[in-house]
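Peer 1: Chains as they are written, first to last, in our numbering: chain R, 1 to 256; chain U, 1001 to 1256.
There are 2 protein chains.
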Amino acid sequence: MGTTQLESVQEPKYWHLRTVLSEALDSDFAVGEILPNERDLAARFGVARATLRQALEQLELEGRLQRRRGVGTTVAPPRVGVAVSTAQHEWTGGVSGEAWQPVDCVSEVAPTAVAAMLRTGGEPVHVVRRIRVTHGQAVAAELLYVPASSVPDLSAIDAPSGPVRARSVMRELHRLGLEGQDRTVELGSARADDAKELDRLPGAPVLVVTTRYFASGGTAAVSVATYRADTCRLTFGDSGALEISHDEQQQERQAS
Amino acid sequence: MGTTQLESVQEPKYWHLRTVLSEALDSDFAVGEILPNERDLAARFGVARATLRQALEQLELEGRLQRRRGVGTTVAPPRVGVAVSTAQHEWTGGVSGEAWQPVDCVSEVAPTAVAAMLRTGGEPVHVVRRIRVTHGQAVAAELLYVPASSVPDLSAIDAPSGPVRARSVMRELHRLGLEGQDRTVELGSARADDAKELDRLPGAPVLVVTTRYFASGGTAAVSVATYRADTCRLTFGDSGALEISHDEQQQERQAS
DNA sequence: CAGTGGTCTAGACCACCGT
DNA sequence: CGGTGGTCTAGACCACTGC
């Protein structure tokens, strides 16, 4: 009876470890600081390395840690708030500064799900690949599917593919008057090509933002953007951005 | 030279397994069907159970599988599209049908991050706990932080806590004229209490939606809602919902 | 009770990075 | 090259579910 409520409930070791490490991160480590390597940490806590890794994975998922093979584990900076504009008619994803960089453009048959939204059958569409860079870091990779009918004046003389072509398509797209957008967000895992551009391993958790652009009574384009889930916080603002300082975030985590 | 391009690139076993299983799910299994148990599957593919589990985890993260301890692994239904209303002045999260169910209400000091948004210091606020149910399944758990100043007419006679109190707070809240909302989405892991209500294990991946409600020139309330990332697809619609059939989704996955 | 997924161990080897 | 995280193995035991 007098015992001070000793962890009666069964809590997995890795979960408890996660909590302990989380608190240690708050109090004893600065952003960017390197943690001891996994083998040392595991030994220090008296667990197998796999168990320690399970805890680290949790913390990485929560955006607290950053791990790089061959380098080490560092304390991650707070998540970047990236604006996913709402009801704003922009193709660029941002009026100034941090914008999308066209990387490539090819002509391909869209995946079935996209083709269904575009109401195109098996005809190939322009597929523009773009990268979103914030604070000098790639945070998102996008595939923008544009039916030929949406950019009728596209010069056939321009390069048939590559970044030049990508810019041409975007230029033509800007001419359309946007009537609205539809957007969904879901969790996914990075495909090999996306992972490469986001500097992550295949399968890394990403937030998949699917946007449908409406113009002249139909779906003018569909975008599938994958954001790094570990470093990004998507913001949808009717009025200004939601900003939280890092300290505040940490304290919220402790409270939970 | 003459060899038919035999997997020269190093692809992890679990990643390859994920692909194989994904294709098998598309062709040989129906939604709800139970897969063979992990030990059998691992043996069948000639890998250790841990490796097989790594592949299953990926597929579960992508919403393709559902695993329940003591029961088995089943093929998951397509993700549910849940509307996260944009620029709509609702506290209920839905005009008709699938709505939020008040579960409880207590008076507590808000976590620091929330307190900062509410501009309340250490004063306790009303914390309403709500569950969002869709198709008979709990898809989200929410904590709604309401400063006393936002509901001045709240009867002091009502129960000080519990579902009755929760409904009282919501009723008073409806009286306010909403001026706007701010919203962020990020990846998180379920806390123990949320996990319980969502019928998941602690640490399960969730989409954390933080909403700031503005009224009468200030922040009237802050909501932190955690959605099951495995079963939910958040929709933000300016005009109608984005609907994709299950077949189409599967084919998109195959294409990637 | 038997069978399932969840946790944990103690190793091994590999891919990658910086020096 | 040495050190890091990433992958993989072959076990063991536990917690939970349903019969």
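Where a beta carbon is used, it is the ideal one built from N, C-alpha and C, also for glycine.
Helix, strand or coil for Leu59(R), going by three-state DSSP, please let me know.
Peer 2: Helix, per DSSP.
Peer 1: Only counting the same chain, and skipping five residues up and downstream in sequence, which positions put a Cβ closer than 7 angstroms to that of Arg130(R)?
Peer 2: Result list for Arg130(R): Trp100, Gln101, Pro102, Val103, Glu142, Leu144, in chain order.
Peer 1: Please list the residues of the segment 55-74 of chain R that have a C-beta atom closer than 7 angstroms to any C-beta atom in chain U, keeping them in chain order.
Peer 2: Within the segment 55-74 of chain R, the qualifying residues are Gln58, Leu61, Glu62.
Peer 1: With a threshold of 8 angstroms on Cβ separation, who are the neighbours of Ser107(R) within its own chain once the five nearest residues in sequence on each side are excluded?
Peer 2: Pro124, Val125, His126, Val127, Pro160, Ser161, listed in sequence order.
Peer 1: Should Ala1030(U) go down as buried or exposed, given a rule of 16 or more other Cβ atoms within 10 Å for buried?
Peer 2: That one is exposed.
Peer 1: Taking one C-beta from the segment 1200-1209 of chain U and one from the segment 1110-1123 of chain U each time, how about it: are there three or more such pairs within less than 8 angstroms?
Peer 2: Flag = no, the segment 1200-1209 of chain U and the segment 1110-1123 of chain U do not touch.
Peer 1: For Leu17(R), is the classification buried or exposed, using 16 other Cβ atoms within 10 angstroms of its Cβ as the cut-off for buried?
Peer 2: By the 10 Å Cβ count, Leu17(R) comes out buried.
Peer 1: Which residues does DSSP list as the beta-bridge partners of Val1133(U)?
Peer 2: Paired residues: Ala1138(U).
Peer 1: Could you name the residues of the segment 1181-1193 of chain U whose beta carbon sits closer than 7 angstroms to any beta carbon of chain R, in the order they occur along the chain?
Peer 2: Listed in sequence order: Gln1181, Asp1182, Arg1183, Thr1184, Val1185, Glu1186, Leu1187, Gly1188, Ser1189, Arg1191.
Peer 1: What first and last residue would you give for the alpha helix (DSSP H) that runs through Arg167(R)?
Peer 2: Segment 163-174, the alpha helix (DSSP H) holding Arg167(R).
Peer 1: Once DSSP output is grouped into helix, strand and coil, what is the label at Ala192(R)?
Peer 2: In the structure shown, Ala192(R) sits in a helix (DSSP, three-state: H, G or I).
Peer 1: Quick one: list the residues of chain R neighbouring Arg1129(U), beta-carbon separation under 8 angstroms, in chain order.
Peer 2: By Cβ distance, chain R contributes nothing, its closest Cβ being about 14 angstroms from Arg1129(U), past 8 angstroms.
Peer 1: Taking Met1219(U) as the query, report the chain R residues whose CB atoms sit under 8 angstroms from its CB, ordered along the chain.
Peer 2: According to the sequence displayed, residue 1219(U) carries Thr and not Met. Ordered by position in chain R, no residue passes the 8 angstroms Cβ test against Thr1219(U), which lies about 10 angstroms from the chain.
Peer 1: Following the continuous beta strand (DSSP E) through Leu35(R), name the residue where it begins and the one where it ends.
Peer 2: Premise fails: Leu35(R) is in no beta strand (DSSP E) and is neither H nor E.
Peer 1: Which residues in chain R sit within 7 angstroms of Pro1147(U), going by Cβ to Cβ distance?
Peer 2: Simply none; closest approach about 17 angstroms.
Peer 1: Would you tell me roughly how many angstroms separate the C-alpha atoms of Ala166(R) and Val224(R), rounded to the nearest one?
Peer 2: Roughly 16 angstroms between the two C-alpha positions.
Peer 1: Are the beta-carbon atoms belonging to Ala221(R) and Val146(R) less than 8 angstroms from one another?
Peer 2: For Ala221(R) and Val146(R), yes; Cβs fall inside 8 angstroms.
Peer 1: Using a Cβ-Cβ distance cut-off of 8 angstroms, determine whether Trp1015(U) contacts chain R.
Peer 2: At least one chain R Cβ lies under 8 angstroms of Trp1015(U).
Peer 1: In the DSSP assignment, the beta strand (DSSP E) including His1104(U) goes from what residue to what residue?
Peer 2: First, the residue type needs correcting, since residue 1104(U) is Asp and not His in the sequence shown. Unbroken beta strand (DSSP E) run through Asp1104(U): 1100-1109.
Peer 1: Would the beta-carbon of Arg1053(U) fall within 8 angstroms of that of Glu1038(U)?
Peer 2: Their beta carbons are under 8 angstroms apart, which means Arg1053(U) touches Glu1038(U) by this criterion.
Peer 1: On the CB-based measure, 16 or more other CB atoms within 10 Å of its CB, does Gly121(R) come out buried or exposed?
Peer 2: Counting Cβ neighbours within 10 Å, Gly121(R) comes out exposed, since fewer than 16 surround it.
Peer 1: Below 8 angstroms on C-beta distance, what does Gly1177(U) contact in chain R?
Peer 2: The contacting residues do not exist; Gly1177(U) stays about 15 angstroms from chain R at best.
Peer 1: Residues of chain U with CB closer than 9 angstroms to the CB of Leu207(R), please, in chain order.
Peer 2: Going along chain U in sequence order, the residues near Leu207(R) (Cβ under 9 angstroms) are Val1185, Glu1186, Leu1187, Leu1207.
Peer 1: Find the nearest neighbour of Thr73(R) within the set Asp40(R), Arg191(R), Trp15(R), judged by alpha-carbon distance.
Peer 2: Minimum Cα distance to Thr73(R) is reached at Asp40(R).
Peer 1: Should Gly1240(U) be labelled buried (16 or more other beta-carbon atoms within 10 Å of its own) or exposed?
Peer 2: Residue placement at Gly1240(U) cannot be trusted, given a pLDDT of 41 that sits under 50; the coordinates are not used to answer.
Peer 1: How would you call Glu1011(U), buried or exposed, if buried means at least 16 neighbouring beta carbons within 10 angstroms?
Peer 2: With fewer than 16 Cβ atoms within 10 Å of its Cβ, Glu1011(U) is classed as exposed.
Peer 1: Go ahead and pull the three-state DSSP assignment for Ala1204(U).
Peer 2: Of the three classes helix, strand and coil, the one that applies to Ala1204(U) here is coil, per DSSP.
Peer 1: Starting from Gly237(R), find everything on chain U with Cβ-Cβ shorter than 8 angstroms and list it in chain order.
Peer 2: The contacting residues are Asp1182, Arg1183.
Peer 1: Per DSSP, Tyr1014(U) is paired with what?
Peer 2: For Tyr1014(U), which the question treats as bridged, DSSP gives no partner whatsoever.
Peer 1: Using DSSP with H/G/I as helix, E/B as strand and the rest coil, what is Val1020(U)?
Peer 2: Residue state, collapsed to three classes: helix.
Peer 1: Using DSSP's beta-bridge definition, name the partner residues of Val1209(U).
Peer 2: The partner list for Val1209(U) (beta bridge, DSSP) reads Val1185(U), Ala1225(U).
Peer 1: If the criterion is Cβ atoms closer than 8 angstroms, does the pair Ala76(R) and Arg68(R) meet it?
Peer 2: Cβ atoms of Ala76(R) and Arg68(R): not closer than 8 angstroms.
Peer 1: Using a Cβ-Cβ cut-off of 8 angstroms, state whether Leu234(R) counts as contacting chain U.
Peer 2: Judged by the 8 angstroms Cβ criterion, Leu234(R) is in contact with chain U.
Peer 1: Going straight from the alpha carbon of Ala1116(U) to that of Pro1152(U), what length do you get?
Peer 2: Answer to the nearest angstrom: the Cα atoms are 20 angstroms apart.
Peer 1: With a threshold of 8 angstroms between beta carbons, is Ala1229(U) in contact with chain R?
Peer 2: It does; some Cβ of chain R falls within 8 angstroms.
Peer 1: Using a cut-off of 7 angstroms between C-beta atoms, extract the partners of Arg119(R) located in chain U.
Peer 2: Within chain U, no residue comes near Arg119(R); the closest Cβ sits about 13 angstroms away, beyond 7 angstroms.
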